[in-house]
DNA sequence: AAAAAAT
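In my numbering, the protein residues as written are 244 to 757.
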């Protein structure tokens, strides 16, 4: 079976060939012919099975007839996360290079202006996360009654994220004469109900992930003390021990704060790391992901935003800094490695309080996970003797290392609870404690800082932008200058606070949060 | 004990 057997148009086929593909994956072979005939599809497939192309390619072929009208997109693809949406857009660009298609990506965290323009121009392909899509609609910028093809991707994940009511609302806005392509990795009852309501005589295409995948991942549990500094030390030792084999790695944490803390800590220890979680500025998220994909970053510290769906080929290692609370997340996380038949390694750092979660994971995967270096009964209680302190300046104090870590834990966290996220944990504070590092790393950190600065200023610009373009549309008759002034004031407050001058305390400055 | 998503 080759792609040319599936009934795709010559334009699509040539783009597929140029991308270097000749053989469709099972989900592609199963779904594409039916999708081309206009049938509804129920695709049960995980990521890494070629699912995205299984709807992108037939959609491109079908879009060759007809043209989009202003504010009336012809197709709509719903994705649970911003990164996934962006990834689907890349697919449309890659395989649609022989088409003249208007593609619009509607996701949160970025300005409305550009999205509005694309809608106005008429979008053939609209890719969106539910929140921003509904936002556009409520502002009257978007009519959904011209949608011919609707794709709901990663439905089970949308369920986990509480998007189902939004999805139902959106489905009801689209004429029932549409074609619906529906994808989910699992079929819990709520999802089945949804398919019964919104799919018409769907063709069911089910693909199990290649059995080799599970067995090609070497899984280990690693015992650790439970204090954050214990876990960080365990992780660092593990990373060093794996260094020779390790090409790149994703390090998963359960919480966003932990992602930030661990990221900063790894930078201090000269690891070439980036961070990714949902509270980060959207630009920074995209940038981190791109850098990791391009091999400019070797380690990516991430929340579960990166656990599913993201197409990051060739990850050699997955580290679970925390044992995931939900067993399925473990499967998704370690599934980031050992893809496409390659081998991968996963290490899960476990503390005494994690045993019940480990039990649940082992029950789910139907296997015991081996301990890397002895199980938890061999963990020594860890109050005093840590490694040598690594302070950049000042006399090394007794238990300096621990002190520094306490700071992470005891000082920053409470502040974050009370302060706005953007004010929490200014990078300056972390950088103050930088040990004297190798040149490359210092330069790297400088670059990062510069980028944060850029992100920050872009944000303020974008805010001002939005005020300018949106206010008149709301029918607000006040002169534009008035609406801009408060924004400008705020900006001045941030940059050069009256009364503090150059001595403004770091915590009062607004910085891009990582 | 979490994360994600509209502001």
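Ideal Cβ positions, reconstructed from N, Cα and C, are used throughout, including at glycine.
- Put simply, of 308, 469 and 565 the residue whose alpha carbon is nearest the alpha carbon of residue 498 is 565.
- Excluding its 5 nearest sequence neighbours in each direction, residue 514 has C-beta neighbours in its own chain below 6 Å: 542, listed in chain order.
- Residue 351 is not a Cβ neighbour of residue 318, given a cutoff of 8 Å.
- Nearest to residue 466 by C-alpha distance, out of 480, 459 and 460, is 480.
- For residue 535, the uninterrupted alpha helix (DSSP H) run begins and ends at 525-536, by DSSP.
- Here the alpha carbons of residue 512 and residue 329 stand approximately 32 Å from one another.
- Assignment of residue 610 by DSSP, reduced to helix, strand and coil, places it in the coil class.
- Looking at the backbone, the Cα of residue 572 and that of residue 520 are separated by about 16 Å.
- In this structure, the beta-carbon distance from residue 289 to residue 428 falls below 8 Å.
- Here the alpha carbons of residue 256 and residue 528 stand approximately 33 Å from one another.
- Annotation: residue 427 is outside any alpha helix (DSSP H); the continuous beta strand (DSSP E) that includes it extends over 422-427.
- Using a Cβ distance threshold of 8 Å, residue 532 and residue 326 count as a contacting pair.
- Going by C-alpha positions, residue 447 is about 17 Å away from residue 296.
- Secondary structure in the segment 286-374: the alpha helix (DSSP H) runs of 4 residues or longer, each lying completely within the stretch, are 294-306, 325-338 and 355-364 in chain order.
- The DSSP assignment places complete beta strand (DSSP E) segments of no fewer than 3 residues inside the segment 454-504 at 460-466 and 492-495, in order along the chain.
- If you look at residue 588, you'll find it in the beta strand (DSSP E) that goes 587-593.
- Closest option to residue 438, judged by alpha-carbon separation, among 461, 418 and 414: 414.
- For residue 437, the enclosing alpha helix (DSSP H) has its first and last residue at 432-441.
- Short of 8 Å from the beta carbon of residue 576, and not among the five residues preceding or following it, lie these beta carbons of its own chain, in chain order: 493, 495, 547, 550, 561, 563, 567 and 589.
- For residue 543, the enclosing beta strand (DSSP E) begins and ends at 542-545.
- Residue 449 carries a strand assignment under DSSP once its states are collapsed to helix, strand and coil.
- According to the DSSP secondary-structure assignment, residue 518 is paired through a beta bridge with 544.
- Residue 250 sits close to residue 279, with the two beta carbons spaced by under 8 Å.
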